[in-house]
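Sequence positions in the sequence shown follow mature numbering (1 follows the signal peptide of the UniProt record, and there is no 0) and run -29 to -1, 1 to 697.
Ideal Cβ placement from N, Cα and C applies to all residues, glycine included.
Given the structure is predicted, the values throughout are model-derived calculations rather than measurements.
These notes are about the structure you will find just below.
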Amino acid sequence: MKKIKKKRIALLLATITTLTFNQKFLVHAYENNYNSEEKLWLPDFTDNDRAKQLEISKLTEKVNLNSIALERIKNINSKQIIENVSPAKLGDEIVKQGDTSNFSLEDNSENIKLPSNVDNSQTKYFPNIGSQGSLASCASYATAYYTMTYMTALVNDWSVKDVSGKNIDSKIFSPKWSYNFINDGKDAGAFAYQNYNVFKTHGCATLADFPYVGLGRDPKNYREWAKDENIWRNATKYQVDEILRVNFNKNNKPNSFITSNKDSNLDDAKRLLLNGYILNFYTWFSDANYKQISNDPSTKDDDSYVNQKAIYQINNQGAHEMTIVGYNDNIWIDINSNGKVDDGEKGAFKIANSHGPDYANNGFVWMAYDALNKKSSVLDFTNSNARQGAFLNNEAEYVVISKKETPSKLVRFTMQHDNRKQLQVSLVYEKNGNKQTVVYSPLLSYSGGDFPLDGVNNGSEITFVIDLAHLEKELNVSLSSADKIYLQIKDNLKDDKVAIIKSIILVDNKGHKLSPELISKNVEINGDSKMFDLGQIDNSSELYLQSPEISTDKTLSNNGKFNINVSVPPNNSATKLELFENNVPIETKDLVRSSELQNINFDMSDKKEGFYTYFAVLEDGNGKCLKSEEVNIIVDSIIPPSIKISPNPNKVDVEVIVPAMNNAKTLNVYMDGQKIVNEELSVRNPNEVKKSFVLYSLIVGTHTFWAEVEDENATISSQKVSITID
């Protein structure tokens, strides 16, 4: 990178208007003027909700330390203690209630010193603070945007932000995915366990696939379901293994069960955070009491947190879901305002909220350990009449996610219905004449409210994709041991709103077909149910006819030469491959069955200028055929320009060369993403064209330049060149 010195910006050729953007990070949308504050809060958590939560989750009995924890504590414990601990794998360190199999993993755990603070929000796995906007989607935001994003990134060792610190949407999970499945089509809130159940059944879609918009005035934002099969299929890759709870009052004390920052009731949560987990909790938020963190004169470990905001008392109003990302035993909150460090005043959890970065401490807030108590343990403090222990049922929830192979067998079906609440979809396992049914709940089990299938438009259809492994997990069976597997679809009301099934087919995790079309025409279901035979699902190496993939080394060729590659999946029953150009077969290859992926290349040359469409077809010995996707290529004698930047003490010289015999009609030159030159060119000029420009007094910093030429068919760019002005 070249460097020259200068301070101001001026352009001889053009004036560039620089736009200054607000750098505060919000997620996709934020609505400042709420129609009603009440609608932002969660509904009451009923006894029925508690029963359902207990049904799908397990209570944590003990937390062993994993390798993440040991790396964090190695400098505060002796080498001998560390060497005597056998770290569990991520996901295997949790001992559930009634399970004693993991108790022996860590015999010396009582000798281990835990760090005084942990902050998982500072890792590469945690996304930027976001905002739920004016939707009552806090539980979906906490579980999808924060927990699913963080835990999936942790397991896969992903960074969820790019080098500039911006979220990478393909690695951030969408609250809209789960919220819109479980809210019955109303913006009235939902609970963490309901979101987790969606993730366990069908995974979660990313923001790149299914963007979140937090504007409550548009029902689409809380009612719409995804229609694209790719979104459904991609979501199956990101599933939750287990839903767990951690209790902060193991002895069931009625009022003050946490009395210090070393209280054993905090140990499980601290160990989980130390192991790299984050936790979600239901609380009451709208009337919480705050103080600024005070400076404990006996330690310097709290100095950087002084004056940050902390919640010290929760009052029973405005239910909300939040996320614990860390803890700090050094923090002092002067709860009784006497200016002295009293028992019960030290220590707090670090909480991520979903109200944007302007809330509290850049979107985070501290919550005193003492706030978890029904009655404060701090002497000379008067509790409010509405005081409530901060965590519902004195618990927080979390999930275990493991790195696993993507689903290999899925059923894809296209359906239309104008009232999705009338629908129920199940998978049926048949063995020796006995059938076992697993309802695909909560996604497709009379859910979503009295709205069209996509939540918005009458006549809408959705192509769903369901992981057949869900049947294996629920029934503890193998798909290959079944005599038959069925897809069952029910409509529970005979009326003018009819379920129309348009297609059913088996696919793999890339969308390749694993079966022929399983219905020959549309099937209507009205007030009854139908079962569709998916056949015998074999997980062995038996051959299937699977569709090929097609790719090209370039989508624009300026000399009529390019390469087409066709990938034939392994264990394929295909015996012949045909390549089509503009719907005409041009190449045929005989295939030999192989357990390996086969890549077959076709070199194209001397193609005249124009548009070309290619696809491949595989055929087996029974005459069955499967087609690939299509690739499009433009042959156009448009040749990329070159750009040369020559910095001098008082100016920068820019030279662009456009090669001869070029189809390009226009030349554009860019600096830092803004167009500074736009000139017409002579088409197919027999001579090389040189264009020179001079820029004066550039502002201090790095500047990037490039040139591009374009015609009516294509645009092609030079390489980018950067310089730094000191």
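The alpha-carbon separation between residue 557 and residue 585 amounts to approximately 10 Å.
Under the 10 Å beta carbon count, residue 582 is surrounded by fewer than 16 other beta carbons and is classified as exposed. Residue 488 is a Cβ neighbour of residue 474, given a cutoff of 9 Å. Close CB contacts of residue 221 within its chain, under the 7 Å cut and outside five residues either way in sequence, are with 236 (chain order). DSSP, read as helix, strand or coil, puts residue 24 in helix.
When only Cα atoms are considered, residue 448 and residue 167 end up about 23 Å apart. Contact between residue 315 and residue 336 does not hold, since the beta-carbon distance rounds to 19 Å and is not under 8 Å. Ranked by Cα distance from residue 491, the options 497, 472, 339 are led by 472. Three or more Cβ pairs closer than 8 Å define a contact, and the region 331 to 347 falls short of that threshold against the region 427 to 436. Rounded to whole angstroms, residue 651 and residue 614 show a C-alpha spacing of 17 Å. Straight-line spacing of the CA atoms in residue 669 and residue 181 works out to 41 Å. Counting only residues of its own chain and dropping the five nearest sequence neighbours on each side, residue 371 has a CB closer than 6 Å to the CB of 62, 212, 213. In this structure residue 160 is in contact with residue 107, their Cβ atoms being roughly 4 Å apart against a cut-off of 8 Å. Within the region 563 to 648, not a single complete alpha helix (DSSP H) segment reaches 4 residues in length.
Proximity of the region 395 to 407 to the region 129 to 141 falls short of the contact definition, fewer than three beta-carbon pairs being nearer than 8 Å. Around the Cβ of residue 632, a 10 Å sphere holds fewer than 16 other Cβ atoms; the residue is exposed. A distance of 9 Å or more separates the beta carbons of residue 687 and residue 618.
Taken through DSSP and simplified to helix, strand or coil, residue 42 comes out as helix. Counting only the Cα atoms, residue 25 lies some 9 Å from residue 215. When the alpha-carbon of residue 272 is set against those of 664, 387, 86, 112, the nearest one is in 86.
Distances from the CA of residue 256 to each of 578, 187, 322 were compared; the closest alpha carbon is that of 322. Contact annotation: the region 244 to 260 touches the region 28 to 44, with at least three C-beta pairs closer than 8 Å. If only complete runs of 3 or more residues are kept, the region 289 to 323 shows the beta strand (DSSP E) at 290 to 303, 317 to 323, in order along the chain.
Boundaries of the alpha helix (DSSP H) harbouring residue 242: 238 to 245, taken from the DSSP string. The Cβ atoms of residue 486 and residue 505 sit closer than 9 Å to each other.
Under the 8 Å Cβ criterion, the region 263 to 271 counts as touching the region 297 to 306, having at least three qualifying pairs.
Proximity of the region 378 to 390 to the region 454 to 469 meets the contact definition, three or more beta-carbon pairs being nearer than 8 Å.
The alpha carbon of residue 672 has as its nearest neighbour, out of 126, 381, 330, 694, the alpha carbon of 694.
Residue range 120 to 127 is occupied by the alpha helix (DSSP H) that includes residue 123. Membership of residue 149 in the alpha helix (DSSP H) is indicated by the continuous run 146 to 153.
The alpha-carbon separation between residue 226 and residue 453 amounts to approximately 54 Å. If you keep only unbroken beta strand (DSSP E) runs of at least 3 residues inside the region 201 to 261, you get 213 to 218, 250 to 255.
Within the DSSP bridge table, the entry for residue 281 names 262, 337 as partners. Between the region 147 to 157 and the region 326 to 334, the count of C-beta pairs closer than 8 Å stays below three; the two stretches do not touch. Relative to the Cα of residue 378, the nearest Cα in the group 30, 555, 450 belongs to 450. Cβ atoms of residue 179 and residue 141 come within 8 Å of each other, at about 4 Å.
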